[in-house]
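Enquirer: Would you mind keeping the following structure in view while I ask a few things?
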Amino acid sequence: MKLSFKSTTLLPALVLAAAIPVAAAAQPEQHGMAARGGDHGMQRMAGMWQKTLSAGQQRRIEKMRLQTAREKSILKAKIRLAKTELALLVTDNSPDQNAINKKLNELMKLMRKKMELHYIHIIKVREILNKEQRVSFDLGVLHKAGRGHGKHH
12 MKLSFKSTTL LPALVLAAAI PVAAAAQPEQ HGMAARGGDH GMQRMAGMWQ KTLSAGQQRR
72 IEKMRLQTAR EKSILKAKIR LAKTELALLV TDNSPDQNAI NKKLNELMKL MRKKMELHYI
132 HIIKVREILN KEQRVSFDLG VLHKAGRGHG KHH
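The sequence shown runs 12 to 164 under the numbering used here.
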């Protein structure tokens, strides 16, 4: 029996296509850096500091986290408003460059203040931690700094 080109090409392709989902199902599901092929050891080590906190450390950090979140939420709302106002200025029929520049300066001040709050919080948390906890915490800070947020357009 003579096989056509279609049958000799199609049959192995079908077998391969059927095998891929089976092989994929056999692999454990990975999340975060592991899914992107990252450093598993560093990721595990970076989160260890939280597991070693005393009750007092936990309370102090939670209070600081709440205060920082409150302050940042206000700044985030102001940033959204400034961005909207900037968009309106730019899309005006006759854009005023001076007004646009003023709004840009306002927006940059707000964004800087938000970043300052973030890094002040990190410094304050570090002050609460002991030497061993700081190593793990610092790994997490460095890991997050290198990864970015993917929001840059």
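Quick reminder that beta carbons are idealized off the backbone N, C-alpha and C, glycines included.
Indicate whether the contact test is met: 3 or more Cβ pairs, each with one atom in the region 80-98 and one in the region 145-159, closer than 8 angstroms.
Expert: no
Enquirer: Using the rule of at least 16 other Cβ atoms within 10 Å of the residue's Cβ for burial, across every protein chain shown, is Gln144 buried or exposed?
Expert: By the 10 Å Cβ count, Gln144 comes out buried.
Enquirer: Assign Thr63 to one of three DSSP states: helix, strand, or coil.
Expert: coil
Enquirer: Does the distance from the CB of Leu128 to the CB of Glu82 come in under 7 angstroms?
Expert: yes
Enquirer: Among Thr102, Gln78, Lys114, which residue has its Cα nearest to the Cα of Ala93?
Expert: If we check each option's Cα against that of Ala93, Lys114 comes out closest.
Enquirer: Taking the Cβ atom as the reference point for each residue, do Lys124 and Met75 lie within a distance shorter than 7 angstroms?
Expert: no
Enquirer: When you compare the CB positions of Leu121 and Ile111, do they come within less than 7 angstroms of one another, or not?
Expert: no
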